[in-house]
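All the letters of the sequence shown, read from the start, carry residue numbers 1 to 317 under the UniProt record's numbering.
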Amino acid sequence: MITTRTFGAAVVVLVLMMTLVKRVSEPPKLFGNYASLQWATVQVLNGCLVNGADLLEQRYAEYRALIAKRETDPLAFKFLEFGMGSGEPIPPKGAAASPCNTGGVYHDELAETQTRANDYATTYAALRPVAEQAERFFRPGLDNEFSPEVNEQLRRLIDQTRIQSIPFRQALEQPQLVVRAQQLQTIEASTGHDQHWHTLRFMLLARQTINALDAMSSGASLTPLQLLAMQQSLDNARLEADAFVKALPRLRAKGDKPPIWSVTTASAKDWLDQLARLQQHWAAGADAPELNKDLADARTGYDLLLTTYNAAVGSDY
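Encoded structure:
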């Protein structure tokens with residue numbers, strides 16, 4: 001529990017990045033083979049989270065809704081599968097590859113992250129046969145009645161993948177930050193403050209702010225005034241990103257997609273509102289239960305922001 005006293009004084013230093021503006025549609029590449037290899041590894045591992053863990057949660061929610069619906073509508077056959085791909089290293093013709101084939105990538109500075117990724121991939125692979133059985137419940141023309149036993153086994157294995165995804169996400173977070181910071185510097189050096197620079201700058205400041213809040217549980221201190229300064233930096237970065245994108249209505253990202261910031265900005269605004277509420281209540285001397293709730297909301301809002309950002313980015317950046 002975080003007490004009112006724990007929300008007390010001292011200094012957390014944030015490294016803030018500065019300005020300029022230029023348009024670009026393709027994300028610049030990192031310079032150097034070593035950095036490129038590191039980023040390629042992070043991309044593969046992040047793809048396992050976005051297209052594996054996150055998609056699995058989304059499809060499982062759809063699956064549960066359809067299972068409930070079939071009690072009144074036996075012809076509910078709209079499930080799109082769990083999207084787990086083939087379990088084979090080389091997928092059969094017509095089959096998609098697994099998003100969590102993590103064993104073939106390696107970078108010497110990412111050994112711990114790789115271990116966590118492989119642990120998750122093992123649990124993910126163990127889920128696949130049961131998920132495939134559950135998918136058959138929704139296939140027209142197949143005489144596959146709903147099985148409570150398979151459904152329960154699926155639930156247990158989904159829970160196990162959730163548990164394994166937590167250390168995987170935590171282990172991947174710092175390498176992502178390091179490489180994103182390198183990428184930010186590369187973008188600024190090569191193309192100036194373009195759409196990718198603005199988006200990356202905000203996401204890095206957001207992570208630094210959450211890290212500062214999380215550090216309190218390890219004994220570090222933070223004041224309402226310091227949190228306000230972080231919040232203002234974030235809000236300025238958000239407004240600058242909004243202004244940049246709005247000034248270029250034809251701006252597109254890779255693959256002729258909308259700018260990443262256009263997809264992310266609503267979640268960013270919601271999270272900043274939660275952060276502002278925490279700061280205001282804290283500065284006003286609110287009691288510990290209220291502050292704990294505000295802090296939990298801010299963490300949840302950040303998680304949603306990060307999920308939205310990662311889904312928009314995919315494996316393109």
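For every residue, glycine included, the Cβ atom is placed at its ideal position computed from N, Cα and C.
How would you call residue i, buried or exposed, if buried means at least 16 neighbouring beta carbons within 10 angstroms?
i           : result
N236        : exposed
P99         : buried
E135        : buried
R207        : buried
T41         : buried
D287        : exposed
T300        : exposed
R139        : exposed
S267        : buried
A96         : exposed
D294        : buried
G52         : buried
A126        : exposed
P249        : exposed
S218        : exposed
Q232        : exposed
T209        : buried
residue 326 : Shown here, the chain extends from 1 to 317; a query on residue 326 therefore has no answer.
L239        : exposed
P175        : buried
Closest by CA to residue i, which one among the options?
i           : options                   : result
S147        : T115, F244, L291 and I67  : I67
Q114        : T123, R139, F138 and G103 : G103
I163        : T123, L291, V50 and E173  : T123
R169        : V50, A40, D294 and A65    : V50
D297        : A284, R70, L275 and E173  : L275
A241        : T223, D194 and Q280       : D194
I260        : Q280, Q174, A61 and H198  : H198
F137        : E173, R70 and L234        : R70
residue 346 : L154, E145 and G219       : This structure gives no information on residue 346, because the portion of the chain shown stretches from 1 to 317.
S165        : N292, Q182 and C48        : C48
F82         : Y60, A96 and G94          : Y60
L80         : K246, A131 and Q38        : A131
T264        : L213, F202, E152 and T223 : F202
L225        : H281, L172 and P167       : H281
R277        : L204, L177 and L228       : L228
L45         : P129, A312, E173 and L234 : E173
A181        : Q133, L205 and A171       : L205
Q133        : V150, N118, Y120 and M84  : V150
V245        : L291, L234 and H196       : H196
What residue does the alpha helix (DSSP H) around residue i start on, and which one ends it?
i    : result
E145 : Run containing E145: none; DSSP gives neither H nor E here.
N310 : A288 to V313
I67  : L55 to R70
Is residue i a contact residue of the ligand MN, with contact defined as CB to any heavy atom under 7 Å?
i    : result
T264 : Among the components of this structure there are no ligands whatsoever, and the ligand MN is therefore not found.
Check whether the stretch 298-309 and the stretch 268-282 are in contact - that is, three or more C-beta pairs closer than 8 Å. yes
Stretch-stretch touch, CB-based, cutoff 8 Å, three pairs: the stretch 178-189 with the stretch 248-267: no
For a minimum of 4 consecutive residues, which ranges assigned as the alpha helix (DSSP H) are wholly contained in the stretch 206-262? 224-246
Using 8 Å as the Cβ pair cut-off and three pairs as the minimum, do the stretch 107-122 and the stretch 85-93 touch? no
I'd like the ranges of any alpha helix (DSSP H) spanning at least 4 consecutive residues and lying wholly in the stretch 98-131. none
Segment contact flag, the stretch 154-174 with the stretch 51-64, C-beta cutoff 8 Å, min 3 pairs: yes
Note down, one range per segment and in chain order, each beta strand (DSSP E) of at least 3 residues found wholly within the stretch 149-206. none
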